[in-house]
Structure formats: structure tokens, C-alpha cells
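In mature numbering (1 follows the signal peptide of the UniProt record, and there is no 0), the protein residues as written are -21 to -1, 1 to 137.
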């Protein structure tokens, strides 16, 4: 009985030590999760409540870029509408393939940047093309956990 109690206490101490030593969330894991399942509950828990997401769409061929932004706090009120659906130029746009993202992490004490580059093949009103999507995450530590403070997404069709 005494050995069982000691083993239990040792297990609790070991688990507590591992929990304290854990780095929390990793910036690369967060970026991977965001680009693979961006609207899941787990993915939304990676965001600081005051975070901002900006989106730039570069069309090229002399057309002006479109710019959108929203705060995570406002997201629930938008019911998932990023605003991109209102852009007339995007009507008839369908993604046909998406590469796995290439993710590069730059980390400094207390902050990190994760840049994910994805190649997207699309059909746009009967015209096939390739778009480069770059997602640049700025992360900061909140306690022991990494959270996204800003995300800037560039969709480059040039």
C-alpha cells in the first residue's frame, strides 16, 4: 500500500514537472493548424481576443488591390463572412487544388513570426490559374501559451 501511494505521488510530481516544463503551444503547430482547419474551435483558441486579421487581394493587370480586415472579437457577429464574398470580381471563383504550406518560423524572446506560403490552383469563370497565398502570423506569449496577435493574408494572382 505504501509503495502504491509513493508511486502515485511520484507520478503526480512527474506530471506536474512536465506540465511546467512544456513550452505551451508551438508557433509552427499554430500556423499549421490555422492553414489546415481555420474555422475549427481548436484553431480559434489560438487567437488573442483582440487580434486582427487583414487580407490583401492582388489581382494584377492594372486592377487595384482589395483590402479587408476584421477583429477576432467581431468575427462572431459576422457569422463567418470575411467580406470576400462581396467582391464582384471573385464571383465564379473555385479552388481546384491547394499545396501543403511551406512554413518558416522566426522566434525572438516573447514573440514569433510564422510565414506560411501555399500555392492554390483555381478556376475563375473558366480561366485556370495559380495564386500564391502568404499568411504571416505575428504571435506573442500570453502566460505560457502562444497566441496570434495579427494575421496578414496576401492572395497574389499576379
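Built from N, CA and C at the ideal position, the CB exists for glycine as well.
Sheet register partners of residue i (DSSP bridge)
| i | result |
| --- | --- |
| residue 127 | 26, 118 |
| residue 49 | 32 |
| residue 135 | 37, 111 |
| residue 93 | 84, 116 |
| residue 73 | 102 |
Cβ distance (whole Å) where residue i is taken to contact residue j below 8 Å
| i | j | result |
| --- | --- | --- |
| residue 11 | residue 82 | 6 Å |
| residue 146 | residue 35 | No information on residue 146 is available, as it lies outside the stretch -21 to 137 that the chain covers here. |
| residue 80 | residue 96 | 6 Å |
C-beta contact flag for residue i and residue j at 8 Å
| i | j | result |
| --- | --- | --- |
| residue 136 | residue 39 | yes |
| residue 51 | residue 26 | yes |
| residue 31 | residue 48 | yes |
| residue 114 | residue 14 | yes |
| residue 125 | residue 6 | yes |
| task | Determine contact between the stretch 91 to 100 and the stretch 115 to 125, defined as no fewer than three beta-carbon pairs at a distance below 8 Å. | result | Touching, per the Cβ criterion.
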